[in-house]
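Some notes on the structure that comes next.
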Amino acid sequence: MFLVGLTGGIASGKSTVSNVLRDLGCVIIDADKIAREVVEPGKPALKRIVRHFGKSVLQDDGTLDRAKLGSIIFADSEKRKILNRCTHPYIQRTMLWEVLTSFLSGHHYVILDVPLLLDGSALRSFIKYVLVVYCDEATQLDRLMARNDLTQEGALQRINSQVPLEIKKKQADFVIDNNGSLTATKQQVLELYERLEGSYAHWKLRSFLFGSLVLLGGVAYQLYSFL
Ligand SMILES: CC(C)(COP(=O)(O)OP(=O)(O)OC[C@H]1O[C@@H](n2cnc3c(N)ncnc32)[C@H](O)[C@@H]1O)[C@@H](O)C(=O)NCCC(=O)NCCS
Ligand SMILES: Nc1ncnc2c1ncn2[C@@H]1O[C@H](COP(=O)(O)OP(=O)(O)OP(=O)(O)O)[C@@H](O)[C@H]1O
Numbered sequence: 459m460f461l462v463g464l465t466g467g468i469a470s471g472k473s474t475v476s477n478v479l480r481d482l483g484c485v486i487i488d489a490d491k492i493a494r495e496v497v498e499p500g501k502p503a504l505k506r507i508v509r510h511f512g513k514s515v516l517q518d519d520g521t522l523d524r525a526k527l528g529s530i531i532f533a534d535s536e537k538r539k540i541l542n543r544c545t546h547p548y549i550q551r552t553m554l555w556e557v558l559t560s561f562l563s564g565h566h567y568v569i570l571d572v573p574l575l576l577d578g579s580a581l582r583s584f585i586k587y588v589l590v591v592y593c594d595e596a597t598q599l600d601r602l603m604a605r606n607d608l609t610q611e612g613a614l615q616r617i618n619s620q621v622p623l624e625i626k627k628k629q630a631d632f633v634i635d636n637n638g639s640l641t642a643t644k645q646q647v648l649e650l651y652e653r654l655e656g657s658y659a660h661w662k663l664r665s666f667l668f669g670s671l672v673l674l675g676g677v678a679y680q681l682y683s684f685l
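So the number in my numbering is just where the residue sits in the sequence shown, counting from 1, plus 458.
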């Protein structure tokens with residue numbers, strides 16, 4: 459059993475890659491999705507956020523005003539740290555619980571899609587292979603501005619709130635270069651998938667050999683005691 463961390467920068471293409479891996483049958487646990495669940499009305503993370511940022515970050519129906527909170531925390535690193543302290547413990551706990559249930563239901567490796575994995579996340583120590591989805595900053599900026607309808611300043615604030623992709627790339631076991639076409643990216647994901655499956659087969663063989671050795675040792679010990 460092992461964990462693969464899928465990370466990168468904002469709008470570098472993590473969801474694009476994780477969708478391909480999911481279609482291939484991989485289990486993906488998505489931190490952004492869980493981050494939305496833990497701040498639903500009534501949840502403790504939302505109460506913490508309101509305690510620190512005030513009721514003005516809520517919409518009339520009591521749900522989090524994500525655009526408003528985003529404009530506060532991406533402009534101020536201290537406020538970002540406060541938000542992380544309000545949400546990350548709940549996100550991490552939920553992710554580890556989902557990992558446990560995936561392993562109990564028979565999956566041998568699980569992919570954690572965590573944007574901030576290499577930005578100091580406590581989840582890093584559980585990860586066997588780190589996969590970074592990379593694109594250059596100009597491409598990242600263009601894609602982010604287009605997807606989130608942001609000004610250049612707003613998009614740069616978000617990019618600069620994270621460890622640069624060039625640094626994350628150096629810490630990767632695998633890099634997916636997502637500068638090119640979607641077809642080129644899919645081809646790299648297929649190659650990665652085959653390596654993960656190969657790594658699992660290798661692990662299974664090693665476990666089998668280790669188990670057999672322990673069994674043989676036990677039998678030999680019993681025979682020796684008997685004689
Ligand atoms: C600030 C919030 C309300 C903005 O919501 P919004 O819908 O605009 O963005 P969304 O949640 O889809 O996140 C988009 C991307 O922003 C980046 N991002 C989000 N939070 C952070 C953060 N605290 N620091 C740096 N980058 C971040 C990630 O790359 C993420 O993939 C939201 O991102 C949030 O609650 N963040 C705190 C939780 C968190 O750290 N999430 C990241 C996954 S652990
Ligand atoms: N190879 C590609 N060619 C063209 N557009 C792409 C490519 N890869 C991703 N995109 C587009 O770029 C945007 C960002 O991609 P995606 O949502 O996968 O990034 P992400 O890393 O998951 O972002 P975030 O973490 O911010 O949610 C999307 O609009 C997506 O359609």
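Backbone N, C-alpha and C define an ideal beta-carbon position, used for all residues, glycine too.
Helix, strand or coil, according to DSSP, for residue i in the structure here?
i: Gly528; result: helix
i: Gly676; result: helix
i: Asp600; result: helix
i: Asp635; result: strand
i: Asp534; result: coil
i: Leu608; result: coil
i: Ile468; result: coil
i: Asp481; result: helix
Within its chain, find whatever has a CB closer than 7 Å to the CB of residue i; leave out the 5 residues flanking it on each side and keep chain order.
i: Asp594; result: Asn637
i: Val647; result: Val475, Val478, Leu479 and Ile634
So which of the options has the shortest CA-CA distance to residue i?
i: Phe532; options: Thr559, Gln598, Gln615 and Phe460; result: Gln615
i: Asp519; options: Ser683, Gly500 and Leu576; result: Gly500
i: Phe632; options: Ala642, Tyr651 and Ser639; result: Tyr651
i: Ser563; options: Leu681, Met603 and Met459; result: Met459
i: Arg523; options: Ser535, Lys539, Glu624 and Leu504; result: Strictly speaking, residue 523 in this sequence is Asp, with Arg absent from that position. That would be Leu504, whose Cα lies nearest to the Cα of Asp523.
i: Asp490; options: Gly483, Asn618, Lys628 and Leu464; result: Leu464
i: Gly466; options: Val591, Ala580 and Gly528; result: Val591
i: Asn687; options: Leu599, Leu681 and Ser683; result: Nothing can be reported for residue 687, as the shown portion of the chain is limited to 459 through 685.
Measure the alpha-carbon distance for residue i versus residue j and round it to whole angstroms.
i: Ile487; j: Leu674; result: 39 Å
i: Ile626; j: Arg653; result: Per the sequence shown, the amino acid found at residue 626 is Lys instead of Ile. Taking the straight line joining both Cα atoms gives about 21 Å.
i: Leu576; j: Val621; result: 7 Å
i: Ile468; j: Ser665; result: 38 Å
i: Pro549; j: Ala659; result: As written in the sequence, residue 549 is Ile, which differs from the Pro given in the question. Cα to Cα, the separation comes out at about 31 Å.
i: Leu640; j: Lys472; result: 12 Å
i: Glu655; j: Asp481; result: 15 Å
i: Cys484; j: His566; result: 10 Å
i: Phe668; j: Val677; result: 14 Å
i: Gln680; j: Leu623; result: 57 Å
Identify, in the order they occur along the chain, each residue of the same chain with its Cβ nearer than 6 Å to the Cβ of residue i, setting aside the five sequence neighbours on each side.
i: Phe584; result: Leu461
i: Val497; result: Ala503, Leu504 and Leu522
i: Met603; result: Ala613
i: Glu556; result: Ile487
Got a sec? Which residues, its chain only, sit under 8 Å from residue i by beta carbon, not counting five neighbours each side?
i: Met553; result: Ile487, Ala489, Ile492, Leu570, Val572 and Leu581
i: Leu608; result: Leu602 and Arg616
i: Arg538; result: Ile531, Phe532 and Ser619
Would you check if the stretch 530-545 and the stretch 506-520 touch, i.e. whether three or more CB-CB distances between them fall below 8 Å?
Yes, they touch.
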